[in-house]
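S.K.: 204 is the number of the first residue of the sequence shown in my numbering; add one for each residue after it.
Backbone N, C-alpha and C define an ideal beta-carbon position, used for all residues, glycine too.
Please read through the structure below; I'll follow up with questions.
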Amino acid sequence: MKVLIIGAHGKVGHLLIGELQSRNIDFVAGLRSQEQIKAYNDNNIETQFIDLTASLDSIKDSIEASGADVIVFSAGAGGAGYDRTLEIDLDGAIKTMMVAEAIGIKRYIMVSSIFSDNRSKWDASGIKPYMIAKHYADDHLRGTNLDYTIIHPGALTDEDGTGKVKLLGSNESGSIPRVDVARALAEIIQNPTTIGKEYTFASGDQATEDVFR
């Protein structure tokens, strides 16, 4: 197994690198700039340039070159504006799904958001364009033939992780350290019984390995 982390320079993606290293899981960091690539290569981390705004053929070449058989999509525009959010969080995500189907990568794990499927929460979120993009990217993923898992973590924090989470109902909210999201992703990557499932979660009192199964 080799995992391609698309968005490896983001906070969750970067933490996932540490989780995979600690578990001896082979991975490649998908990055969008040569400066990032140099910095990661200097730390002996395998990298792959991926421009989610590029053509479908270009993205296909990049993903094929990574040699991965699992994709984790954790990229995002990071509040860079409505147009950029649609280009990265929606169209960029869908292009990677199309490529995965075309080249035979079956396993695809999406980092989404809490309330991405609850329109009544979007206006108050302050990030409505992001919610819209995630909603439709998630919906597209459900219609593919990929072995997908979608996670919907609560509000992300930079606090120390606890390794403990709880599943949330459709109208429940909560927060969670990014490091615990990375731990959840690592568990999901290792556990094929999570295929076809979605998880909405926040910090709680259940061990991560007991929840993502």
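#1: Can you look up residue 372 in the DSSP assignment and give me helix, strand or coil?
#2: For residue 212, I'd like the list of residues in its chain whose CB is within less than 6 Å of its CB, leaving aside the five on either flank, ordered along the chain.
#3: Throw me the rounded Cβ distance for the residue 303 and residue 274 pair, which I believe falls under 8 Å.
#4: Ignore the nearest five residues each way along the sequence and tell me which others in residue 254's own chain have a CB closer than 8 Å to its CB.
#5: Going by DSSP in three states, residue 207 sits in which element: helix, strand or coil?
#6: How big is the Cα-Cα spacing for residue 294 and residue 335?
#7: Give me, in chain order, the residues of the same chain whose beta-carbon lies closer than 7 Å to that of residue 410; leave out the 5 immediate sequence neighbours on both sides.
#8: Taking the straight line between their C-alpha atoms, what separation do you get for residue 229 and residue 216?
#9: Please report how far the alpha carbon of residue 219 lies from the alpha carbon of residue 251, in whole angstroms.
#10: Alpha carbon to alpha carbon, how far is residue 333 from residue 289? Give it in angstroms, no decimals.
#11: When the Cα atoms are used, what is the spatial distance from residue 382 to residue 226?
#12: List the endpoints of the continuous alpha helix (DSSP H) containing residue 288.
#13: Taking 9 Å as the threshold (C-beta atoms), are residue 339 and residue 311 in contact?
#14: Alpha carbons only, please: which of 243, 349, 207 and 407 is nearest the one belonging to residue 267?
#15: Between which residues of its own chain and residue 363 is the CB-CB distance below 8 Å, once the five residues before and five after are set aside?
#16: Taking residue 319 as the reference, give the member of 258, 373 and 271 with the closest Cα.
#17: Enumerate in chain order the residues of its own chain whose CB-to-CB distance from residue 358 is below 6 Å, with the five nearest sequence positions on each side excluded.
#18: Less than 8 Å between the CB atoms is what I'm expecting for residue 424 and residue 276, so what's the real figure, rounded?
#19: With DSSP as the reference, identify every bridge partner of residue 245, one or two as the case may be.
#20: Roughly how many angstroms separate the alpha carbons of residue 354 and residue 329, rounded to a whole number?
M.R.: Concretely, from the data shown:
#1: coil
#2: 234 and 239
#3: 6 Å
#4: 235, 261, 262 and 265
#5: Residue state, collapsed to three classes: strand.
#6: When rounded, the distance between both Cα atoms is 12 Å.
#7: 366 and 367
#8: Straight-line spacing of the CA atoms in residue 229 and residue 216 works out to 14 Å.
#9: 16 Å
#10: 8 Å
#11: The alpha-carbon atoms of residue 382 and residue 226 are separated by roughly 15 Å.
#12: Bounds of the alpha helix (DSSP H) holding residue 288 are 285-288.
#13: no
#14: 207
#15: 380 and 382
#16: 373
#17: Counting only Cβ-Cβ distances below 6 Å, and skipping sequence neighbours, we find 378.
#18: Residue coverage of the chain in this structure runs from 204 to 416, which leaves residue 424 outside it and unanswerable.
#19: Residue 245 is not bridged to any residue.
#20: 20 Å
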